[in-house]
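Once you know that position 132 of the sequence shown is 116 in the numbering used here, the rest is easy, because the numbers rise by one and skip nothing.
Beta carbons are placed, not taken as given, at the ideal position from N, Cα and C, and that holds for glycine.
Remember, it's a predicted structure, so these values are computed and weren't measured experimentally.
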Amino acid sequence: MIKLSELTKDYYTTGELGRMLNLNPKTPYFWAARGEIEHMVVDGPRIRYLIPREEVLRLLEKYKLLAEEDPKIDIIYARVSSHGQAKNGDLDRQIILDLELSSSYKLNHLEIIKDIGSGLNTKRKGLLKLVQLVRTDHVGRVFISHKDRLTRFGFEYLQWFFEDHQTEIIVLEAGEDKSPQEELVDDLLSLIASFSGRLYGIRASEKKKLRQKIEKIQEQE
């Protein structure tokens, strides 16, 4: 039996599909060759077929080989922008408040994900962990204090992705976490830090060219 959460890839080889269905690995190959199942052709020294995840799911259900899943977990996601805020206890206070506000929900196997970093940073460890858990259909609900805890921009795209995996985002507090002025300052500081890091790695000759381009733009204004 195969669990839904074990199907973490977008495509599977015919051999992998054969093993999941307890069949000769060549059987799915012939199915694909005859056009009996959905597949993608991969050119090379010999023709290979890749089977999309949705088709694998269909076949597992057809042959009653899809195991019952454990209930999806709930996640509280909390983020602060800097290590200084974390040391001052802001992260812990955010988690405590989120726990209080979510206590009216019937929480299931609750997990807490802590993150430190700018809301503009899409490579935060905690965010990447959350996205991976959602992608593999492990998460039922994600609780956040405010939308900007997940991301400063593009919240709607994350929400669409989560909903596509049957994951609900629950915003626990109405309104914005910070004033527009505070948000602008945080975003500008994050951008400055990002560009400073990039400039540090640029060679002197490249910095000179960049400076000249900026001066040209200034002259045209």
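I believe residue i touches residue j by the beta-carbon criterion, under 8 Å. Please report the beta-carbon distance rounded to the nearest angstrom.
{"i": "T120", "j": "T11", "result": "So it is not a contact: roughly 27 Å between Cβ atoms."}
{"i": "R133", "j": "Y61", "result": "6 Å"}
{"i": "M4", "j": "I(-14)", "result": "5 Å"}
{"i": "P9", "j": "G19", "result": "So it is not a contact: roughly 19 Å between Cβ atoms."}
Can you find the residues in the same chain that come closer than 7 Å, C-beta to C-beta, to residue i, ignoring five residues on each side of it along the sequence?
{"i": "I31", "result": "V25"}
{"i": "Y13", "result": "T(-2), Y33"}
{"i": "H122", "result": "S(-11), K56, I57"}
{"i": "D82", "result": "I60, A62, F127, S129, L156"}
{"i": "H67", "result": "I100"}
{"i": "A70", "result": "V64, I100"}
Return the chain-ordered list of same chain residues with a C-beta closer than 6 Å to the C-beta of residue i, the five sequence neighbours on each side being excluded.
{"i": "E152", "result": "R125"}
{"i": "Y(-4)", "result": "I35, V40"}
{"i": "L85", "result": "L156"}
{"i": "H149", "result": "V118, D121"}
What is the DSSP secondary structure of residue i, counted as helix, strand or coil?
{"i": "D99", "result": "strand"}
{"i": "D27", "result": "coil"}
{"i": "R32", "result": "strand"}
{"i": "D132", "result": "helix"}
{"i": "E22", "result": "coil"}
{"i": "R108", "result": "coil"}
{"i": "E157", "result": "coil"}
{"i": "Y89", "result": "coil"}
{"i": "T(-2)", "result": "helix"}
For residue i, which residues from the same chain have a beta carbon less than 8 Å from its beta carbon, with the 5 sequence-adjacent residues on both sides left out?
{"i": "I80", "result": "none"}
{"i": "T106", "result": "T135"}
{"i": "Y47", "result": "L5"}
(message) Does the contact criterion of 3 or more C-beta pairs under 8 Å hold for the stretch 54 to 74 versus the stretch 88 to 103?
(response) yes
(message) Could you tell me which whole beta strand (DSSP E) segments of length 3 or greater appear in the stretch 33 to 82?
(response) 57 to 64
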